[in-house]
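One structure below.
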Amino acid sequence: MNPFSSGTRLRDMIRAIRACKTAADERAVVRKECAAIRTSMNENDQDYRHRNLAKLMFIHMLGYPTHFGQMECLKLIASAGFPEKRIGYLGLMLLLDERQEVLMLVTNSLKQDLNHSNQYIVGLALCALGNICSAEMARDLAPEVERLLQFRDPNVRKKAALCSIRIIKKVPDLSENFINPAAALLKEKHHGVLITGIQLCTDLCKVSPEALEFLRKKHTDGLVKTLKGAVNSPYTPEYDIAGIADPFLHIRLLKLLRVLGQGDADASDAMNDILAQVATKTESKKNAGNAILYECVETIMSIEDNGGLRVLAINILGRFLSNRDNNIRYVALNMLMKAITVDAQAVQRHRATILECVKDSDASIQKRALELVYVLVNDTNVKPLTKELIDYLEVSDQEFKGYLTAKICSIVEKFSPEKIWYIDQMLRVLNEAGSFVSDEVWHALIVVISSASDLHGYTVRALYKAFQTSSEQEMSFQSTSKKKTHQESLVRIAVWCIGEYGDMLVNNVGMLDIEDPITVTESDTVDVVKIAIKHHALDLTTKAMALVALLKLSSRFPSCSERIKDIIVQHKGSFVLELQQRSLEFNSIIEKHQNIRSALVERMPILDKATFSTRRAGSLPAAVSTSSGASLDLPNGVAKPSAAPLVDLLDLSDDLPAPSSSGGDFLQDLLGVDLSPAPTQSGLGQIQKADTDVLLDLLSSGTPIQSSSPTTEILLPSQNDKSPIATLDARSSSSSLSEQATSSARAAPMMDLLDGFGPSPLKPEDNGSVYPSLVAFESSSLRITFNFSKQPGNPQTTLIQATFTNLTPNVFTDLIFQAAVPKFLQLHLDPASSNILPASGNGSITQNLRVTNSQHGKKSLLMRMRMSYKIDNKDMLEEGQINNFPQDLGS
Amino acid sequence: MIKAVLVINTQGKPRLTKFYDILVLIDPIAYENFLPFSSQRRQTVEKQQELLRSVFGVLCSRADNVSNFVEADSIFGPDSRLVYKHYATLYFAIVFDSSENELAMLDLIQVFVETLDKCFRNVSELDMVFNYSKLHNILDGIIFGGQVMETSSAEIIRAVEEISKLEAASNSISLVPKTVSGWRSR
Chain X
1 MNPFSSGTRL
11 RDMIRAIRAC
21 KTAADERAVV
31 RKECAAIRTS
41 MNENDQDYRH
51 RNLAKLMFIH
61 MLGYPTHFGQ
71 MECLKLIASA
81 GFPEKRIGYL
91 GLMLLLDERQ
101 EVLMLVTNSL
111 KQDLNHSNQY
121 IVGLALCALG
131 NICSAEMARD
141 LAPEVERLLQ
151 FRDPNVRKKA
161 ALCSIRIIKK
171 VPDLSENFIN
181 PAAALLKEKH
191 HGVLITGIQL
201 CTDLCKVSPE
211 ALEFLRKKHT
221 DGLVKTLKGA
231 VNSPYTPEYD
241 IAGIADPFLH
251 IRLLKLLRVL
261 GQGDADASDA
271 MNDILAQVAT
281 KTESKKNAGN
291 AILYECVETI
301 MSIEDNGGLR
311 VLAINILGRF
321 LSNRDNNIRY
331 VALNMLMKAI
341 TVDAQAVQRH
351 RATILECVKD
361 SDASIQKRAL
371 ELVYVLVNDT
381 NVKPLTKELI
391 DYLEVSDQEF
401 KGYLTAKICS
411 IVEKFSPEKI
421 WYIDQMLRVL
431 NEAGSFVSDE
441 VWHALIVVIS
451 SASDLHGYTV
461 RALYKAFQTS
471 SEQEMSFQST
481 SKKKTHQESL
491 VRIAVWCIGE
501 YGDMLVNNVG
511 MLDIEDPITV
521 TESDTVDVVK
531 IAIKHHALDL
541 TTKAMALVAL
551 LKLSSRFPSC
561 SERIKDIIVQ
571 HKGSFVLELQ
581 QRSLEFNSII
591 EKHQNIRSAL
601 VERMPILDKA
611 TFSTRRAGSL
621 PAAVSTSSGA
631 SLDLPNGVAK
641 PSAAPLVDLL
651 DLSDDLPAPS
661 SSGGDFLQDL
671 LGVDLSPAPT
681 QSGLGQIQKA
691 DTDVLLDLLS
701 SGTPIQSSSP
711 TTEILLPSQN
721 DKSPIATLDA
731 RSSSSSLSEQ
741 ATSSARAAPM
751 MDLLDGFGPS
761 PLKPEDNGSV
771 YPSLVAFESS
781 SLRITFNFSK
791 QPGNPQTTLI
801 QATFTNLTPN
811 VFTDLIFQAA
821 VPKFLQLHLD
831 PASSNILPAS
841 GNGSITQNLR
851 VTNSQHGKKS
861 LLMRMRMSYK
871 IDNKDMLEEG
881 QINNFPQDLG
891 S
Chain B
1 MIKAVLVINT
11 QGKPRLTKFY
21 DILVLIDPIA
31 YENFLPFSSQ
41 RRQTVEKQQE
51 LLRSVFGVLC
61 SRADNVSNFV
71 EADSIFGPDS
81 RLVYKHYATL
91 YFAIVFDSSE
101 NELAMLDLIQ
111 VFVETLDKCF
121 RNVSELDMVF
131 NYSKLHNILD
141 GIIFGGQVME
151 TSSAEIIRAV
161 EEISKLEAAS
171 NSISLVPKTV
181 SGWRSR
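Chains as they are written, first to last, in the UniProt record's numbering: chain X, 1 to 891; chain B, 1 to 186.
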């Protein structure tokens with residue numbers, strides 16, 4: 001009769017499965033067993049039913065399908081014996097769940113067993129119901145369970161209480177019936193029943209506002225008394241966990257009190273004293289004691305405000321933070337994260353301890369703490385916090401570095417009080433963890449550097465030094481054959497800045513007080529870039545950036561030009577198309593196009609932060625580049641192809657107010673045209689093509705245009721050579737070839753193209769003014785001519801030199817020049833060189849004007865003027881208006 | 001609420017799995033679209049294995065000196081935490097939601113293991129393998145439908161022993177279970 005007597009026994013099956021060497025073996029054994037069980041089931045073999053199901057449960061745990069055993073469960077449940085019922089219910093809980101139709105069939109058996117005279121069978125049925133109850137079953141069986149809440153045996157009562165939780169969760173409407181019996185359980189003396197009763201009440205409060213109201217009114221005081229009793233009760237070894245009396249009861253009580261106190265001042269008031277007692281009296285050496293404290297803190301933070309208690313609670317968390325147990329520190333950080341919304345000030349007090357946790361040996365605690373620190377940062381503490389974090393960056397684990405770097409960068413960007421601080425911090429981060437800095441971060445850094453014009457010199461020197469140190473370190477690491485990741489982003493930024501501001505590096509321009517002067521020769525500077533380009537580990541982007549930097553340096557340092565050319569030429573045979581092409585193009589610029597080189601490689605205009613941010617956010621501004629000539633709007637702001645880094649970089653400029661947008665485009669064409677991805681926006685392709693042609697024309701000798709006139713002549717920025725330049729311009733503005741006719745009107749944009757960047761600081765005389773001068777006013781007695789120029793990096797502002805010439809044979813005295821401009825312009829007049837103008841053009845007066853166009857690119861300049869002077873003490877007054885300013889000055 | 005209790009050995013073999021929250025196990029899309037139960041069922045079995053694998057992957061990669069808490073949202077869905085303890089060749093893990101106290105769950109593992117130890121007199125992995133149904137009896141005595149029911153190991157053992165006695169009694173005199181139970185319930 002013993003079900004374990006024949007066939008393979010459960011034990012044997014387990015042994016057989018354990019003996020399997022491979023997963024395939026195991027599958028074979030299980031398949032064989034399952035087949036045997038199915039056969040046995042089909043034969044309706046009652047003796048083996050029990051054992052079959054036991055086996056199936058084991059097979060189920062191993063992860064094989066066992067649904068064919070479900071009907072067997074029902075049969076076992078329906079049988080009379082306790083062992084059959086027990087295994088049947090066990091199988092029911094494991095093999096079935098609330099979604100299965102079979103469950104409908106079991107409701108009736110459950111109902112019978114809930115009313116069974118054997119309390120153990122009632123217990124089994126309750127247990128099964130508590131695990132698998134569906135909404136339908138809840139409705140059908142709720143009356144039975146409700147009745148069992150008053151059953152004489154406490155073990156049944158506690159099961160009934162927990163089963164009720166499942167029922168009210170499934171069908172909240174039923175909660176009304178449970179309120180009174182549940183409240184009655186709160187007066188229980190039996191420990192198990194009390195604890196489950198409290199749980200039931202907590203869940204009732206969650207699903208039913210009436211229950212919450214009722215329990216709050218009638219039972220808050222009683223629960224406070226119960227908790228008081230538990231706190232002060234003599235030691236009961238039965239419910240002791242590691243020396244702490246009954247933590248679960250404490251925790252359950254605190255949870256229910258939390259629900260009752262939340263949003264109700266009276267109830268919160270009633271529990272203040274006992275909470276303070278728990279918070280101060282509980283032993284905090286053991287985990288169980290801390291569990292109680294932790295729960296108590298959460299209750300204090302959730303109930304209605306009591307300042308004193310909250311300080312107590314946050315101090316407990318502060319103590320937790322310095323606990324040696326990882327778990328305690330972890331939960332404390334979790335709770336502080338919640339507490340920060342309640343009382344940020346109190347959490348701030350523990351900043352130092354939290355900061356210590358960032359340096360924890362446990363990675364999950366580090367991460368939590370860092371998140372918390374990130375939330376704690378504000379304008380007042382950003383400096384010390386960032387310093388601490390960056391200091392830690394030096395010694396942190398490799399795995400944590402990436403995460404830490406990202407957070408630091410984000411903090412620095414968000415809270416930076418001044419640019420120099422931002423740059424300093426970022427340089428430190430680049431030094432320590434350059435390989436973890438994301439592209440977005442170093443792009444943003446370049447934007448900031450570019451806009452801090454007074455810090456250019458400082459930054460480039462700092463970067464130069466950092467780069468030197470970094471490569472020296474690397475050398476020493478190589479010799480000890482240790483692995484050291486090169487600080488890629490540091491190199492990129494350094495190379496970019498050296499390219500842009502190399503001259504400031506050599507001449508110690510813009511020294512700050514905090515700096516020590518360094519001696520760097522032009523050749524040293526080139527060395528640095530050379531190291532970057534030669535370094536085998538660096539990637540294509542960095543090398544490409546280094547090439548651009550070299551090109552720029554070739555113009556900044558004419559003495560090194562030959563050497564730079566040699567370095568660039570070395571890449572002529574590079575297998576990477578990108579580098580090869582740059583090498584060839586740049587070489588050709590250095591060799592053949594000396595005259596435009598300095599203009600081509602002029603400093604980047606100041607990058608605009610707002611535009612960069614929108615760009616970064618992924619939305620390409622609709623009309624970023626405003627231009628009279630060609631408008632090339634590369635679509636690379638959205639999907640950046642990794643092979644087009646330079647475009648990316650230069651691209652930053654073309655949506656900004658460049659000195660002349662056609663010039664900006666031209667530069668881009670020249671330096672990055674072939675990096676641009678296939679045009680993704682229809683319509684652009686045509687334009688890009690045209691621009692490419694320009695470049696090809698420029699760089700290849702032998703095209704019809706250039707053979708028609710000598711190259712040098714084309715590129716001479718002289719006003720006589722208008723025709724070839726006009727040709728280029730016509731192309732760049734993507735107009736038809738017919739427009740290449742030698743129209744002098746078209747010459748202006750090209751002039752601007754070459755001069756738009758202003759004179760290079762090293763050889764300003766090379767360029768001169770290329771904006772055509774303008775006769776601003778001419779009458780029978782007086783002529784005024786305007787000469788225009790712009791400062792590099794400041795395209796909005798036009799500098800005008802006005803020259804006054806006297807056309808009469810009489811001397812003008814007391815000459816006063818007045819000018820008026822519309823609101824969108826700002827005008828600044830410097831004093832005139834004199835107020836006496838000699839007769840008959842035998843000398844002139846000059847006066848400088850500065851006009852800043854706030855609508856640069858949208859509106860053109862406009863000016864009204866009035867000249868008053870005296871001839872033989874006779875007042876003269878003349879007036880005029882200028883609306884024919886050169887187009888490219890600002891429109 | 002407790003969502004699951006898992007015992008896995010250090011080789012990744014499950015030794016005890018009990019899920020209290022069915023939503024952990026099913027694909028919510030299949031559930032909401034009323035896919036045939038058979039296909040849901042297959043998913044359930046597969047999902048269970050997948051969960052065990054992910055949990056084991058997380059547990060065995062954790063160092064000894066770290067906390068016992070794991071963010072389990074990626075494995076068990078939103079609002080899931082996992083507490084585990086490592087005893088000899090076994091990992092004991094409890095998955096639960098934010099309504100439970102993490103530190104108390106750690107204590108609950110302690111209660112479970114202490115109870116096993118008392119039941120089997122120095123419990124080993126083998127005891128757990130071969131006394132599969134007794135293991136479930138013990139667990140059902142501690143956790144009931146995802147709620148903590150009993151934390152006193154003496155109480156738990158008493159309940160388990162009563163069940164064992166009943167089984168033994170009805171096995172030896174299988175024709176008179178009613179008399180036994182009738183006598184007991186009096």
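Each residue gets a CB set at the ideal place from its N, CA and C atoms; glycine is no exception.
Everything numeric in this text was worked out from a predicted model, so none of it was measured.
Item: Cβ pair residue 783 of chain X, residue 813 of chain X closer than 7 Å; Value: no
Item: Chain X contact for residue 12 of chain B (CB, 7 Å cutoff); Value: no
Item: Nearest neighbour of residue 318 of chain X, chosen from X/337, X/410, X/440 [CA to CA]; Value: X/337
Item: Alpha-carbon to alpha-carbon, residue 138 of chain B and residue 112 of chain B; Value: 8 Å
Item: Residues of its chain near residue 465 of chain X, where Cβ-Cβ distance is below 8 Å and the 5 sequence neighbours each way are ignored; Value: 518
Item: Rounded straight-line distance, which links the Cα of residue 21 of chain B to that of residue 54 of chain B; Value: 18 Å
Item: Reference residue 841 of chain X, options X/588, X/785, X/798, X/87, closest by Cα; Value: X/785
Item: CB contact below 7 Å: residue 166 of chain X versus chain B; Value: yes
Item: Closer than 7 Å at the beta carbon, the chain X residues around residue 155 of chain B; Value: 192
Item: CA nearest to the CA of residue 898 of chain X, picked from X/177, X/876, X/446, X/385; Value: Given a span of 1 to 891 for chain X in the structure shown, any question on residue 898 of chain X remains unanswerable.
Item: Beta-carbon gap between residue 460 of chain X and residue 504 of chain X smaller than 7 Å; Value: yes
Item: Strand pairing of residue 86 of chain B, partner residues [DSSP]; Value: B/91
Item: Residue of X/155, X/201, X/194, X/187 minimising C-alpha distance to residue 166 of chain X; Value: X/201
Item: Within-7 Å CB hit, residue 295 of chain X to chain B; Value: yes
Item: Sufficient close CB pairs (3 or more, under 8 Å) joining the stretch 876 to 883 of chain X to the stretch 9 to 20 of chain B; Value: no
Item: Sequence-distant residues of the same chain with beta carbon closer than 6 Å to residue 874 of chain X, five excluded per side; Value: none
Item: Same chain only: Cβ atoms within 7 Å of residue 794 of chain X, ignoring 5 sequence neighbours per side; Value: none
Item: Residue 30 of chain X in three-state terms, based on DSSP; Value: helix
Item: Residue 880 of chain X - partner residues in DSSP beta bridges; Value: X/865
Item: Nearest-angstrom beta carbon gap, residue 145 of chain X and residue 128 of chain X [assumed within contact, 8 Å]; Value: Their Cβ separation, rounded to whole angstroms, is 12 Å, which puts residue 128 of chain X and residue 145 of chain X out of contact at 8 Å.
Item: Check whether residue 818 of chain X and residue 866 of chain X have beta carbons under 7 Å apart; Value: yes
Item: Residues bridged to residue 820 of chain X [DSSP beta-bridge criterion]; Value: X/864
Item: Proximity test, Cβ basis, 7 Å: residue 104 of chain B and chain X; Value: yes
Item: Test: residue 145 of chain B CB closer than 7 Å to a CB of chain X; Value: yes
Item: Neighbour flag for residue 132 of chain B against chain X, beta carbons, 7 Å; Value: yes
Item: Neighbourhood of residue 249 of chain X by C-beta, 6 Å cutoff - its chain only, sequence neighbours within 5 removed; Value: 195, 230
Item: Backbone CA spacing between residue 327 of chain X and residue 83 of chain B [nearest angstrom]; Value: 10 Å
Item: Beta carbon of residue 162 of chain X nearer than 7 Å to that of residue 105 of chain B; Value: no
Item: Distance between beta carbons of residue 41 of chain X and residue 84 of chain X, contact taken as under 8 Å; Value: The pair is not a contact, with the Cβ atoms about 15 Å apart (cut-off 8 Å).
Item: Beta-ladder partner(s) of residue 14 of chain B, from DSSP; Value: B/8
Item: From X/576, X/601, X/58, residue whose alpha carbon lies closest to that of residue 557 of chain X; Value: X/601
Item: Range of the contiguous beta strand (DSSP E) that encloses residue 851 of chain X; Value: 844 to 853
Item: Residue burial classification, residue 122 of chain B (beta-carbon count within 10 angstroms, cutoff 16); Value: exposed
Item: Outcome for residue 57 of chain B when other beta-carbon atoms lying within 10 angstroms are tallied against a minimum of 16; Value: exposed
Item: Proximity to residue 91 of chain X [Cα-Cα], best of X/75, X/104, X/80, X/592; Value: X/75
Item: Residue burial classification, residue 154 of chain B (beta-carbon count within 10 angstroms, cutoff 16); Value: exposed
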